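Trainee: Before anything else, here's the structure in question.
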Amino acid sequence: MRSRSRILTTQFRLRRNELGDITAGAQPRLRPMYRLQWEEAQQAWVLLYPEGMVRLNTPAAEILKRCNGTTKVGMLVADLEQTFSATGLQSDVDEFLSEAARRGWIEFAD
Amino acid sequence: MAGSNSPIETSRAGPPLWLLAELTYRCPLHCVYCSNPLDFAKVEDELSTEDWKRVFREARALGAVQLGFSGGEPMVRDDLAELVGEAHGLGFYTNLITSGVGLNEERIRGLKAAGLDHIQVSFQDSTKEVNDFLSSTRTFDLKLKVAHLVKAYGYPMVLNVVLSRLNIDHVDKIIEMALALEADFLELANTQYYGWAYLNRDHLLPSRAQIENAERVVNAYRARLGGRVKMFFVVPDYYADRPKACMNGWGSVFLSIAPDGLALPCQAARMLPGLTFPNVREASVREIWYDSPAFNAYRGESWMREPCRSCPERGRDFGGCRCQAYMLTGEAANADPVCALSPEHAHVTDAVERAQAAAVTAVRPLVFRERANSVIALSS
Numbered sequence: 054m055r056s057r058s059r060i061l062t063t064q065f066r067l068r069r070n071e072l073g074d075i076t077a078g079a080q081p082r083l084r085p086m087y088r089l090q091w092e093e094a095q096q097a098w099v100l101l102y103p104e105g106m107v108r109l110n111t112p113a114a115e116i117l118k119r120c121n122g123t124t125k126v127g128m129l130v131a132d133l134e135q136t137f138s139a140t141g142l143q144s145d146v147d148e149f150l151s152e153a154a155r156r157g158w159i160e161f162a163d
Numbered sequence: 009m010a011g012s013n014s015p016i017e018t019s020r021a022g023p024p025l026w027l028l029a030e031l032t033y034r035c036p037l038h039c040v041y042c043s044n045p046l047d048f049a050k051v052e053d054e055l056s057t058e059d060w061k062r063v064f065r066e067a068r069a070l071g072a073v074q075l076g077f078s079g080g081e082p083m084v085r086d087d088l089a090e091l092v093g094e095a096h097g098l099g100f101y102t103n104l105i106t107s108g109v110g111l112n113e114e115r116i117r118g119l120k121a122a123g124l125d126h127i128q129v130s131f132q133d134s135t136k137e138v139n140d141f142l143s144s145t146r147t148f149d150l151k152l153k154v155a156h157l158v159k160a161y162g163y164p165m166v167l168n169v170v171l172s173r174l175n176i177d178h179v180d181k182i183i184e185m186a187l188a189l190e191a192d193f194l195e196l197a198n199t200q201y202y203g204w205a206y207l208n209r210d211h212l213l214p215s216r217a218q219i220e221n222a223e224r225v226v227n228a229y230r231a232r233l234g235g236r237v238k239m240f241f242v243v244p245d246y247y248a249d250r251p252k253a254c255m256n257g258w259g260s261v262f263l264s265i266a267p268d269g270l271a272l273p274c275q276a277a278r279m280l281p282g283l284t285f286p287n288v289r290e291a292s293v294r295e296i297w298y299d300s301p302a303f304n305a306y307r308g309e310s311w312m313r314e315p316c317r318s319c320p321e322r323g324r325d326f327g328g329c330r331c332q333a334y335m336l337t338g339e340a341a342n343a344d345p346v347c348a349l350s351p352e353h354a355h356v357t358d359a360v361e362r363a364q365a366a367a368v369t370a371v372r373p374l375v376f377r378e379r380a381n382s383v384i385a386l387s388s
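Same order as they appear, the protein sequences are chains A and B. The opening residue of the first sequence carries number 54 in the working numbering; numbering runs sequentially from there. The opening residue of the second sequence carries number 9 in the working numbering; numbering runs sequentially from there.
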């Protein structure tokens, strides 16, 4: 009878947008009401919050796993590039973090 | 059942991601729009602590991840913190959905220690007068106290206010109240007409002007506040021309367990005739979710009739709400008559037409959700 619209089962995708710059020294962390968790049944990382869920794709999950409030964005990018033998991830990470901040998933430690 | 040459596929069910535990139908409030069944008084045999724990384990093993503790008023269960602890240990995100009554500081602390993730507190209005009238209690001041405590203990807080003709004009004051209480989310939940709300529909359904005004106010606050308080405001389905995607589809993500163990695809489904709903006392959650005839009855699309059956939008709204189709047309498999394409849409437009009048002309006075009225509902 209620439409539980806050169960979002669509994947979050990285997309281009023009949001504020994120400095390499910023230290992102999940806001306290959010919980990142591996779900065996869905074979996916999910972000849980009051009465809601977002199913994450792999890049989104890999970035959010590293948002611990102490790792700086520069280090986070370096870690991802090393782990996945990739280069040039900076702009993708910045865009994702901007979007995650806009959605209220993360905040930045001062 | 549709033949095997049906052009419409039955989709395979995913896991029940959302588990709603209606721990009890007991409640100190008497809200006129209560979603509990009219005959709630006949449900007396509540599940035990151990029963609930088993249900949580079985549902979690299937992939359930959100767990709502609801009712009635879940605080009347003395084992609530124990149940929250079990659910938290299993990895659920745990939500308490409460009127606030019974939630004192000691219990808030105990629930925090047990791992409760979030508290949703309901208000009936931003004014003491209307809050206390609609719930037929003196609870407004208590709710304010509870909301402060919820924030003081660091919980994310959703304020839930059910909107109707009787309070929707206060929406600006309700938003101001949510801001003052530092709510993280505000759910401006337009009444849905089931249970007691259906009985009281002529008193509760707002006029179009009221809804348009409320929407304007909400949008103005959204523009001003940015992301400070997330506000949910969904236009009531009686004023839409397409039905809501009720429960995201029957047996799709949502599993509700009633106080007596009855397993339901939504809290209202108990009213539907011709279905035997399974009980967690007699079957496992896996059997109930995947194999029971009741959970498969309206799953997928093979049960649909016209105009849904050939409708290009059937995958978006799933034909709307089965309970609403049953209540208004007498057949659960019909299109939800909220849909302008339903041949029985007039059931909705007639009610909406009546709601435009300045004065309510209801066939009966407002009925409060009370045990005595539940018994009357039973015998009538």
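Even glycine gets a Cβ: it sits at the ideal position worked out from N, Cα and C. Note that this is a predicted model, so its numbers are computed, not measured.
For B:T199 versus B:L37, is the C-beta distance shorter than 8 Å?
Mentor: Contact flag unset, no.
Trainee: Could you give the distance in angstroms between the alpha-carbon of B:E58 and the alpha-carbon of B:V288?
Mentor: If you take the alpha carbons of B:E58 and B:V288, they lie about 12 Å apart.
Trainee: Could you please give me the residues that DSSP links to A:G105 through a beta bridge?
Mentor: Paired residue(s): A:Y102.
Trainee: Going by C-alpha to C-alpha distance, which of B:L142, B:E295, B:G110 sits closest to B:L150?
Mentor: Minimum Cα distance to B:L150 is reached at B:G110.
Trainee: At the level of alpha carbons, what is the spacing between A:Y102 and B:F100?
Mentor: Looking at the two C-alpha atoms, the distance is approximately 11 Å.
Trainee: Look at the alpha carbon of B:V243 and the alpha carbon of A:A79, and state the distance between them as a whole number of angstroms.
Mentor: Each residue's alpha carbon lies about 40 Å from the other.
Trainee: How big is the Cα-Cα spacing for B:E66 and B:R294?
Mentor: Between B:E66 and B:R294, the C-alpha separation is close to 7 Å.
Trainee: If you draw a straight line from the alpha carbon of A:V99 to that of B:V225, how long is it in whole angstroms?
Mentor: When rounded, the distance between both Cα atoms is 34 Å.
Trainee: Write down the C-beta distance between B:R278 and B:C42 rounded to the nearest angstrom, noting that I regard them as a contact closer than 8 Å.
Mentor: The Cβ separation is near 14 Å, so there is no contact.
Trainee: Measuring only between beta-carbons, confirm whether B:P164 sits less than 8 Å from chain E.
Mentor: In the structure shown, chain E cannot be found, because the protein chains are A and B.
Trainee: What is the DSSP secondary structure of B:N304, reduced to helix, strand or coil?
Mentor: Here B:N304 sits in helix by DSSP.
Trainee: Helix, strand or coil, according to DSSP, for B:T147 in the structure here?
Mentor: Three-state result, B:T147: coil.
Trainee: Once DSSP output is grouped into helix, strand and coil, what is the label at B:W204?
Mentor: If DSSP states are grouped into helix, strand and coil, B:W204 belongs with the helices.
Trainee: Taking only the alpha-carbon atoms, compute the straight-line gap between A:L142 and A:Q135 and give it to the nearest angstrom.
Mentor: The straight-line gap from Cα to Cα measures roughly 11 Å.
Trainee: Can you give the Cα-Cα distance for B:A181 and B:L272, rounded to whole angstroms?
Mentor: A small fix is needed here, since residue 181 of chain B is Lys in this sequence, not Ala. Each residue's Cα considered, the two are about 36 Å apart.
Trainee: Just the chain A side, please: which residues come within less than 8 Å of B:H96 by C-beta, in chain order?
Mentor: By Cβ distance, chain A contributes nothing, its closest Cβ being about 11 Å from B:H96, past 8 Å.
Trainee: Determine, using beta-carbon pairs with one atom in the region 28 to 35 of chain B and one in the region 137 to 156 of chain A, whether at least three such pairs fall under 8 Å.
Mentor: Verdict: no, contact absent.
Trainee: For A:R82 and chain B, any beta-carbon pair shorter than 8 Å?
Mentor: A:R82 does not count as touching chain B.
Trainee: Helix, strand or coil for A:E71? Go by DSSP, reduced to three states.
Mentor: The predicted model places A:E71 with a pLDDT of 37, which falls under 50 and marks its position as unreliable, so this point remains unresolved.
Trainee: Take the Cβ of B:V73 as the centre, count every other Cβ of all protein chains shown within 10 Å, and call the residue buried at 16 or more, exposed below.
Mentor: Per the 10 Å Cβ criterion, buried.
Trainee: Is A:P103 close to chain B, meaning its C-beta is less than 8 Å from at least one C-beta of that chain?
Mentor: True, the Cβ-Cβ gap to chain B drops below 8 Å.
Trainee: Nearer than 7 Å: is that true of the beta carbon of B:P23 relative to any heavy atom of the ligand ADP?
Mentor: This structure does not include the ligand ADP; it has no bound ligands of any sort.
Trainee: For the beta strand (DSSP E) holding B:N198, just list the boundary residues, first then last.
Mentor: Counting along the chain, the beta strand (DSSP E) containing B:N198 begins and ends at 193 to 198.
Trainee: Output the residue ranges of the alpha helix (DSSP H) runs that lie fully inside the region 335 to 366 of chain B and measure 4 residues or longer, sorted by chain position.
Mentor: Listed in chain order, they are 354 to 363.
Trainee: Mind pulling the chain A residues with CB within less than 8 Å of B:D344?
Mentor: Simply none; closest approach about 11 Å.
Trainee: If you run the structure through DSSP and keep just helix, strand and coil, what is B:L111?
Mentor: If DSSP states are grouped into helix, strand and coil, B:L111 belongs with coil.
Trainee: So A:G157 contacts chain B; which residues on that side make the cut at Cβ distance below 8 Å?
Mentor: Within 8 Å Cβ-Cβ: G235, K238.
Trainee: So with CB distances below 8 Å, who are the chain B contacts of A:M128?
Mentor: Simply none; closest approach about 27 Å.
Trainee: Would a C-beta distance cut-off of 8 Å place B:G259 and B:N304 closer than the cut-off?
Mentor: Cβ atoms of B:G259 and B:N304: closer than 8 Å.
Trainee: Let's test the definition: count the other Cβ atoms within 10 Å of the Cβ of B:G282 and tell me whether it reaches 16, buried, or not, exposed.
Mentor: When all chains shown are included, B:G282 counts as exposed.
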